[in-house]
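For the record, in the sequence shown the residue sitting at position 19 is 19 according to this note's numbering, with numbers rising by one throughout.
Glycine included, each C-beta is placed from N, C-alpha and C at the ideal position.
These numbers come from a predicted model, not from an experiment.
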Amino acid sequence: MAIKIILADSAGVCFGVENAVSTAESELEKGTKVYSYGPLIHNPQSIEKLEENGLEVIDKIENKKGKIIIRAHGITTSEESELNSYNQNVIDMTCPIVKRLQFAIRALTDDGYYVVIVGDKNHPEIIGAKSYGNQNLIIIKSVDELNKIDKNINKIGIVAQTTIPFENFWDVVDKLKKDKNIDLKVIDTLCDDIHNKQLEAKEIAKDVDVMIVIGGKNSSNTKEIAKLCREINKSTYQVETFEQLLKLKVDFANKTVGISAGASTPPWIIKETIDKLMMVN
Ligand code: SF4
1 MAIKIILADS
11 AGVCFGVENA
21 VSTAESELEK
31 GTKVYSYGPL
41 IHNPQSIEKL
51 EENGLEVIDK
61 IENKKGKIII
71 RAHGITTSEE
81 SELNSYNQNV
91 IDMTCPIVKR
101 LQFAIRALTD
111 DGYYVVIVGD
121 KNHPEIIGAK
131 SYGNQNLIII
141 KSVDELNKID
151 KNINKIGIVA
161 QTTIPFENFW
171 DVVDKLKKDK
181 NIDLKVIDTL
191 CDDIHNKQLE
201 AKEIAKDVDV
211 MIVIGGKNSS
221 NTKEIAKLCR
231 EINKSTYQVE
241 TFEQLLKLKV
251 DFANKTVGIS
261 AGASTPPWII
271 KETIDKLMMV
281 N
């Protein structure tokens, strides 16, 4: 019944989320009243722990006494101004890589480029980032949506949601490069941490019987890793906890099990899942 486990080195929380969470924890330890504007981390179990320690997640901007944390995904420019107008204690934990995307959109807009963002228009990072541009901007999911761009536009700047698969972005860039009438400026705003997670998880998924991707159901980068693994290995499961995994009634006897985890999955959940999985024997 022995289980062999292969854990991805890149599995789990990234520096952007880690910085935001540890900042909240250290403020809470000092006894500060801490709010996060939107869920600080896309992981319900971590949010639960932070809330037990006093964090309050708010979804509208109000005049609060205490400190308000801007999460790693960032927010819109108008939300930021509104927050600052009410509260002098705003801690901006927008990830530097997301900031790079925001500033890239602003710079392209200032230089007169029509901005193409490859990503998900409903993701909080993109809702925030697009506010750095103006109406000369479009958000597309993939190369299939390039036909939405007006044919008369010939000065295009292109950026990506930080966490999308690299191929999605570069496919769009390659297609645009073929049109010699377009003055194209490419700014690579992709996150290397996510790229490494995707590459490593795909490599592991090839060689194992079962692939488990641990992370919040509301974490888009976790869902993306699971999707990429599932394309390679049909026995891929995304779970938030070991208890959810148990309910799936997967047969682990004598199996090699690969494990990866999204950028908002804390180490304690990965460890707990592995420890309990080893006990299944
Ligand atoms: S996934 Fe990358 S861009 Fe997003 S918060 Fe983490 S380090 Fe920053």
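Taking all protein chains in view, the Cβ of GLU240 is crowded by 16 or more other Cβ atoms within 10 Å, so the residue is classified as buried. Per DSSP, GLN238 is one residue of the beta strand (DSSP E) stretching across 236 to 239. For the pair VAL210 and GLN238, the CB atoms are not nearer than the 8 angstroms cut-off. Its Cα nearest to that of LYS227, the residue ALA205 stands out among LEU246, LYS247, ALA205. Pairwise C-beta distances place the segment 98 to 106 out of contact with the segment 43 to 50, as fewer than three of them are shorter than 8 angstroms. DSSP, reduced to helix, strand and coil, places LEU55 outside both helices and strands of the structure shown, so it counts as coil. MET211 has THR236, GLY258 as its beta-bridge partners, per DSSP.
When the beta-carbon positions are compared, LEU83 and LEU55 stay at least 8 angstroms from each other. DSSP lists ILE259 as the beta-bridge partner residues of LEU7. The secondary-structure analysis by DSSP pairs LEU184 across a beta bridge with ILE156.
The criterion of a C-beta distance shorter than 8 angstroms is satisfied by ALA24 and VAL34. DSSP places VAL172 in the helix class (H, G or I) of the three-state scheme. Shown here for ILE153: same chain residues with a beta carbon closer than 6 angstroms to its own, the five before and five after excluded, namely TYR114 in chain order.
For the set ILE5, CYS95, ASN89, THR265, the Cα lying nearest the Cα of ARG71 is the one of CYS95. Counting along the chain, the unbroken alpha helix (DSSP H) around VAL21 starts and ends at 15 to 29. Exclusion of the five residues before and after PHE166 leaves LEU190, HIS195, GLN198 as the residues of its chain whose Cβ lies within less than 8 angstroms of its Cβ. In this structure, the straight-line span from the alpha carbon of VAL21 to that of LEU40 is close to 7 angstroms. Per DSSP, SER219 lies in no alpha helix (DSSP H) segment and is marked neither H nor E.
Here MET278 is near ILE3, since their CB atoms are less than 8 angstroms apart.
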